[in-house]
Amino acid sequence: MLREEVAVSTRTLQWKCVESREDIKRLYYGLFILSLLLKGQADIIGIAMRRALLGEIEGTCIILAKSDKIPHEYSTIVGIEESVHEILMNLKEIVLRSNLYGTRDASICVRGPGYVTAQDIISPPSVEIFDTTQHIASLTEPMDLCIGLQIERNRGYRMKTPNNAQDGSFTIYVVFMPVRNANHSIHSYGNGNEKQEILFLEIWTNGSLTPKEALHEASREFVLEAEELLKLRETLTRVYVQRTGNPLWVVSEFMERDVFMSSTEAQAHGIADLVAVENTGDFT
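Numbering (this note's numbering), first residue to last: 10 to 293.
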């Protein structure tokens with residue numbers, strides 16, 4: 010078990026790592042806490058962090074395999090134990106780490122008999138293979154196997170596209186997310202107005218990022234999104250003051266209401282249009 014602190018802001022609040030371990034190969038776990046939060050803050054931060062962890066962090070995957078000798082995805086090749094579909098599924102599971110921008114080419118070119126593993130992938134220097142023992146195929150005869158690959162760094166999912174049999178290219182349904190799961194829970198303590206909360210955040214990754222690294226990236230995304238919301242609030246306040254003639258302190262009080270303004274009010278004052286114009290840089 011490791012104990013360490015991960016600073017994510019200049020405030021007194023700090024994430025603390027209370028547990029870090031490798032459950033199995035390619036599955037890392039981390040438990041972090043954030044304390045001294047006011048009532049209601051822990052749930053807001055927990056939901057936002059989970060969203061950032063699962064949706065905003067980029068990962069690197071093999072997105073395409075190409076071979077002129079393969080007629081279709083569900084075919085078999087003499088001398089190879091696995092079907093083409095099984096080989097594609099094995100390529101999908103290869104865990105990679107990179108700082109790529111865009112798509113890069115890679116390849117596999119081996120001669121059997123023997124096992125083909127991730128260490129046989131010839132990739133650009135900017136791509137690191139996390140687990141070189143990951144299995145790809147078993148060659149049972151003295152034969153050559155050459156496969157062209159495409160590697161990409163992205164976020165979210167990439168659905169398969171219709172395969173072009175004439176081209177010999179086979180797209181792979183991939184999940185770019187290096188964070189496999191994230192959960193949060195809240196512990197409250199204190200009484201009345203002094204009640205405070207502790208946020209517990211659990212993170213599981215595939216090993217291309219450690220949970221600590223994933224927390225850093227998600228925290229950065231969280232801060233960026235918060236800054237955008239603050240900019241929007243400032244813009245909305247400024248436009249509302251200008252259009253309604255109300256003093257700033259009155260508008261600031263309005264902003265604290267559950268419903269700041271109705272859609273009818275926004276249309277009447279032309280505020281929605283002005284906010285959109287200002288965000289394009291054309292507001293004067």
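C-beta: ideal position from N, C-alpha, C; glycine also.
Among residues of its own chain, excluding the 5 on either side of residue i, which ones have a beta-carbon nearer than 6 Å to its beta-carbon?
i, result
"residue 147", "90, 124"
"residue 132", "115"
"residue 120", "153"
"residue 77", "177"
"residue 20", "Unreliable positioning characterises residue 20 in this predicted model, as indicated by a pLDDT of 48, which lies under 50. The coordinate reading is nonetheless provided below. Same-chain partners within the cutoff: there are none."
So, helix, strand or coil for residue i, using DSSP?
i, result
"residue 164", "coil"
"residue 249", "helix"
"residue 93", "helix"
"residue 6", "As displayed, the chain neither begins before 10 nor continues past 293, which places residue 6 out of reach and without an answer."
"residue 150", "coil"
"residue 176", "coil"
"residue 382", "Residue 382 cannot be examined here, being either before or after the span of the chain that is shown, 10 to 293."
"residue 184", "strand"
"residue 81", "coil"
"residue 217", "coil"
"residue 109", "coil"
"residue 88", "coil"
"residue 201", "helix"
"residue 190", "strand"
"residue 243", "helix"
Is it the case that the Cβ atoms of residue i and residue j are separated by a distance below 7 Å?
i, j, result
"residue 82", "residue 231", "no"
"residue 158", "residue 217", "no"
"residue 64", "residue 212", "no"
"residue 301", "residue 58", "The requested residue 301 does not occur in the structure, where the chain is confined to residues 10 to 293."
"residue 88", "residue 168", "no"
"residue 72", "residue 103", "no"
Closest Cβ-Cβ distance between residue i and chain C: below 7 Å?
i, result
"residue 153", "Of the protein chains in this structure there is only one, and it is not chain C."
Between which residues of its own chain and residue i is the CB-CB distance below 8 Å, once the five residues before and five after are set aside?
i, result
"residue 42", "24, 25, 27, 207, 208, 209, 210"
"residue 136", "69, 105, 106, 107, 109, 113, 115, 160"
Can you list, in chain order, the residues of its chain with a C-beta nearer than 7 Å to that of residue i? Leave out the 5 residues immediately preceding and following it.
i, result
"residue 97", "74, 82, 179, 181"
Next on the checklist: Report the start-end ranges of each beta strand (DSSP E) in the segment 18 to 75 that is 3 residues or longer and not cut off at the edges.
Outcome noted: Along the segment 18 to 75, the beta strand (DSSP E) occurs as fully enclosed runs of 3 or more residues at 24 to 33, 36 to 47, 68 to 75, listed in sequence order.
Checklist entry - Touch check for the segment 43 to 58 and the segment 193 to 200: three-plus C-beta pairs under 8 Å? => result Taking one beta carbon from each stretch, the segment 43 to 58 and the segment 193 to 200 have 3 or more pairs nearer than 8 Å; the two touch.
Checklist entry - Does the segment 53 to 62 come within contact of the segment 128 to 142, defined as at least 3 CB pairs closer than 8 Å? => result Contact fails between the segment 53 to 62 and the segment 128 to 142, because fewer than three Cβ pairs, one in each stretch, are under 8 Å apart.
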